[in-house]
Amino acid sequence: MATESIKYLAPDTENKAKTQVFPRPGQHTTGLIDWLTTIDHKKIGLMYGMTALFFLIVGGLEALLIRSQLWDHNMDVLTNRQYNQMFTMHGTTMVFLVIMPLSAAFFNFIMPLQIGARDVAFPRMNALSLWCFVGGGLILNLSWFFTGGSPAIGWFGYAPLTDTRFAEVVGDMGPDFWIFSLQILGVASLLASFNFITTIINMRAPGMTMMRLPVFTWMTLIVSFLIILAFPAITIALVELMFDRTYGTNFYDFLEGGKPHLWQHLFWIFGHPEVYILILPAMGIVSEVIPVFSRKPLFGYGLVIFSGAIIGFMGFAVWSHHMFTTGMGVVATSAFAMLTMLIAIPTGVKIFNWIGTMWGGRIRFDTPMLFALGFITMFMIGGFTGIMHSSVPIDAQHQDSYFVVAHFHYVLIGGALFGLFCGFYFWLPKMTGRMLSEKLGKFVFTLMFLGFNLTFFPMHYLGMIGQPRRTHTYNEGHGFETWNQIATVGAFILGLGIVIGIYQFVSAFFNKKLKPAGSNPWDARTLEWALSSPVKEYNFARTPIIKARDQAWENNYGPRENHAEKEPLDDHGVHMPDRSWWPLVTALGLFGLALGMLFHRTIDPSGELVRDYTAPILAGSIAILGMIMWALEGPGGYHLFPKENDE
Amino acid sequence: MSDASAHALEHHEPVTSTGIPNKKVLMWAFLGSDCMFFGTLISTHLIYRKISATVGGNFLDIRDVFDIELTSFSTFILLASSLFMALGVSAIHKGNLKSMRWMLLGTIIFGAIFLACQVYEFTHFIHAPGNELTLSTYRGEPHVFGSTFYVLTGTHGTHVAIGVFWLIGWLAYSFTGKMSVAHAIDIEICGLYWHFVDIVWIIIFPVIYLMEYAL
Ligand code: HEM
Ligand SMILES: [Cu+2]
Chain A
1203 MATESIKYLA PDTENKAKTQ VFPRPGQHTT GLIDWLTTID HKKIGLMYGM TALFFLIVGG
1263 LEALLIRSQL WDHNMDVLTN RQYNQMFTMH GTTMVFLVIM PLSAAFFNFI MPLQIGARDV
1323 AFPRMNALSL WCFVGGGLIL NLSWFFTGGS PAIGWFGYAP LTDTRFAEVV GDMGPDFWIF
1383 SLQILGVASL LASFNFITTI INMRAPGMTM MRLPVFTWMT LIVSFLIILA FPAITIALVE
1443 LMFDRTYGTN FYDFLEGGKP HLWQHLFWIF GHPEVYILIL PAMGIVSEVI PVFSRKPLFG
1503 YGLVIFSGAI IGFMGFAVWS HHMFTTGMGV VATSAFAMLT MLIAIPTGVK IFNWIGTMWG
1563 GRIRFDTPML FALGFITMFM IGGFTGIMHS SVPIDAQHQD SYFVVAHFHY VLIGGALFGL
1623 FCGFYFWLPK MTGRMLSEKL GKFVFTLMFL GFNLTFFPMH YLGMIGQPRR THTYNEGHGF
1683 ETWNQIATVG AFILGLGIVI GIYQFVSAFF NKKLKPAGSN PWDARTLEWA LSSPVKEYNF
1743 ARTPIIKARD QAWENNYGPR ENHAEKEPLD DHGVHMPDRS WWPLVTALGL FGLALGMLFH
1803 RTIDPSGELV RDYTAPILAG SIAILGMIMW ALEGPGGYHL FPKENDE
Chain B
-1 MSDASAHALE HHEPVTSTGI PNKKVLMWAF LGSDCMFFGT LISTHLIYRK ISATVGGNFL
59 DIRDVFDIEL TSFSTFILLA SSLFMALGVS AIHKGNLKSM RWMLLGTIIF GAIFLACQVY
119 EFTHFIHAPG NELTLSTYRG EPHVFGSTFY VLTGTHGTHV AIGVFWLIGW LAYSFTGKMS
179 VAHAIDIEIC GLYWHFVDIV WIIIFPVIYL MEYAL
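Protein chains in written order, with the working numbering: chain A, 1203 to 1849; chain B, -1 to 213.
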């Protein structure tokens, strides 16, 4: 697609490549090598998204196994240990390998387009983040094949479940896989966030002031800050746990002076901001979609952003509401209860803003809008149950019951996942250049909406009548059966909806029969809709000069002085960076380092513990070599010469 | 036009929205995150120091194993290294490669002395006769002090080591003949990192070491 617009190649480009010792893969790289070495934010975003959709299927199958086990009392689909493994892997997968990377996919693909940038600030670092994510996901799922199988410790990994002395299987490696995978995924998230922060602060097109940024970009910025401030807590907690398990330290070992309680604090200091990391991107997406399909600007733009920032900030001060029943003392418990109730206010503000946006608008019920409306309503139900648990005595009843499971699925599926599906239906025409079938889209929405409510609404009731969560079965005579069966049927319907949805997303890239989208099929408002679909390799042929918020809308309907201008074409052309192998090599090194550390201990015939660091050192050297080559490979690059309006 | 953006234009660095180079924003974001890493480690240490204040039934007096003279010396060395670092940054801004090399070398040597002191300290503590402080015990009794102490100071030491290798990298690069004022920003962010690691030590030293003597 880009080759059409090239008039000639800058004279020195080809020669330069030859003089480099290890030339970076250049302009004409195609096929597999292109995907492995790409540093284009759009391709990286796509790979992030596709990998996450794959893991959504994996995590969904795990959930269906859980639901089959709970179909009736005393079922034997899974043993108790397998059940524990299943919900651990399901939770960890959905949080770290599905929702977060799906959000990252949109950050990558859409955010630079929204601010008028040609790429993120550090494209190679972006590629490293992608490969670390893939590596971390692999490590987590490799755990199935080694001693003890997958971790059975919950996605929260509470101590002392992780204590080696309490392992159900001698030499259980599950928790170790879990630790190393989360560490590598943490690297991926941190790198991506540093990159996005720099990009949004520094790479905005002229005139794109902070208060003109699209709301989705604002949420990207806030989430990135949450990630860089919240992930350190879990990283350190995991380092401490790794030391406990590998080198015998006593951080969480209550027999030797450690306090398991500390793990809960560190985990939730990360864990609560994490739930906002999961939901704010979806809120950003919905804040883009609702104005478009109501044909009105977002009501209270400033308030939406400000309440997002307040939610992010307060999110660091409520973590102990996950620990009300641990006996923290009256003062701490009351303080955290009050703060938790307070945080509902900025959340409610956003809901009213969305309603205000729709109020009096000319609403169109296309698929993205259906998902956005589904998001608002379902997220509200999850929010209400959340406010219920913020009351300490009530939470004492809810804790560890299915009521909590209902709560967090209303916010995570009804909220985050619906929001992300909304994003796919909204932006896929921009990514693929094709319109998705509205009929199929609406069918997917119906299945998901029905299936989701069938699955999770009864869980409120099941929780209230006492079904405990994290328990592999229940006895006869509690009256749990009927509602569990309804939930299981619902889960399969939801699963079917998700699978058809994924099929629809993937086929949009290949199905040539779909209607072409044109640059702005939804009559949408933000800058990315001023570009052609699919977006050209260089994004913007000429840097836009932004005159207003909702620039694409202003270009079409606004007064003259609000129309965007463009910087003149540069006669040097558009500088495109070359691709690079080193992010992949560095990530491979880190992947090997984690595996090496996982297997560096063996028990020799005499029963002695033997440590062999050859493999980790080798793999670590590969990572370091990757970084050195990265630093030395030089800018490289080539020039494209698009015509005036070829964007 | 500010100095930095004048340089940026000269060297075809992309002009940024804020005028601050991308690498600098990146480093500041990283340091913000790193504060939380150390914050978590330091709080872990302090919490356990308070709730596990005895060992084998006796009050835990860590002064029996600490060697405060040595640590004060290494603290001084690390602080002094920051002066070299600052001078190195200012030298490259002026285009004075030769002076930058000496200053980086000074920083590296002082950083290395600090690390050597730490290695000595660790081996010394682990083998302190009668007062052995290991990762999991103190005087042979299970305790958390060794866990929190070694992991915290070890993480700081790792930061210093990374800084030393990073500076060695730039020192080596300065001999390739490709280094110029354009790289001032690279040395500057090294400097930011180095000073930050120093500041963290300024917190660790009183809170982890000196406070043990204040009682
Ligand atoms: C196909 C749709 C899904 C179904 C049927 C489903 C079902 C379940 C079930 C049955 C449990 C175990 C409850 C227990 O006994 O403790 C669970 C736990 C959980 N789910 Fe889902 N889920 C689905 C999708 C999601 C999604 C999209 C997320 C997104 C983040 C998610 C996040 C979680 C979390 C965090 C847990 C807690 C895990 C733990 O306690 O270890 N789920 N889910
Ligand atoms: Cu929470």
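Heads up, the beta-carbon is just placed ideally off N, CA and C, and yes, glycines get one too.
Under 7 Å from the C-beta of Y1449/A: neighbouring residues of chain B: L133
Per DSSP, the bridge partner or partners of M1778/A: Y1840/A
Best match in M1831/A, G1616/A, Y1604/A for proximity to R1269/A [C-alpha to C-alpha]: Y1604/A
CB contact below 8 Å: M1421/A versus chain B: no
Cβ shell of F1456/A (< 7 Å), same chain only, five flanking positions each side left out: P1362, P1462
Beta carbon of T42/B nearer than 8 Å to that of E1442/A: yes
Chain-ordered neighbours of S80/B on chain A, where CB pairs are closer than 8 Å: In chain order: nothing, as chain A lies at least about 24 Å away.
Any chain A beta carbon closer than 8 Å to F28/B: yes
Alpha-carbon to alpha-carbon, P1670/A and G1635/A: 48 Å
Residue interval of the alpha helix (DSSP H) (run including I1615/A): That residue, I1615/A, is in no alpha helix (DSSP H); it is neither H nor E in DSSP.
Assigned exposure category for A27/B - 16 Cβ within 10 Å defines buried: buried
Proximal residues of chain A, C-beta to C-beta of S50/B below 7 Å: G1459
Beta-carbon neighbours of I45/B, restricted to chain A and to distances below 7 Å: L1464
Local conformation of Y136/B per DSSP, three classes: strand
Contact list for F1854/A against chain B, beta-carbon separation under 9 Å: What is shown of chain A runs 1203 to 1849, which leaves residue 1854/A out entirely.
Beta-carbon neighbours of M98/B, restricted to chain A and to distances below 7 Å: Per Cβ cutoff of 7 Å: no residues; M98/B is ~18 Å from chain A at best.
C-alpha distance - I1301/A paired with L95/B, whole-angstrom precision: 49 Å
Contact list for I18/B against chain A, beta-carbon separation under 9 Å: I1403, N1404
Cβ-based neighbour list, F1368/A, same chain, cut-off 8 Å, excluding 5 preceding and 5 following: P1362
Span separating the alpha-carbon of F71/B from that of G1798/A: 37 Å
For I1589/A and L1541/A, the rounded distance between their alpha carbons: 11 Å
Spatial neighbours of F194/B in its chain, beta-carbon cut-off 6 Å, leaving aside the 5 residues before and after: L29
V179/B at chain A interface by Cβ criterion, 8 Å: no
Alpha helix (DSSP H) runs wholly inside the region 1696 to 1766 of chain A, at least 4 long, in chain order: 1753 to 1759
Straight-line gap, I111/B to G161/B (C-alpha atoms, nearest Å): 13 Å
A1766/A vs K1749/A beta-carbon contact at 8 Å: yes
heavy atom of ligand 2 below 7 Å from H1243/A C-beta: no
Contact check, M1405/A vs T14/B, beta carbons under 8 Å: yes
Neighbourhood of A4/B by C-beta distance below 8 Å, restricted to the same chain and skipping five residues each side: At A4/B the pLDDT is 39, less than 50, meaning the model places this residue with poor confidence and gives no usable figure here.
Residues that L68/B contacts on chain E, provided the C-beta gap is smaller than 9 Å: Protein chains A and B are contained in the structure displayed, whereas chain E is not.
Residue burial classification, G1251/A (beta-carbon count within 10 angstroms, cutoff 16): buried
Between the CA atoms of S88/B and S145/B - distance to the nearest angstrom: 40 Å
Under the three-state DSSP convention, the category V1812/A falls into: strand
Where T1411/A sits in the DSSP three-state scheme: coil
Selection of the region 1747 to 1770 of chain A by Cβ proximity to chain B, strictly under 8 Å: none
Any alpha helix (DSSP H) of 4 or more consecutive residues that is wholly inside the region 1292 to 1330 of chain A: 1302 to 1317
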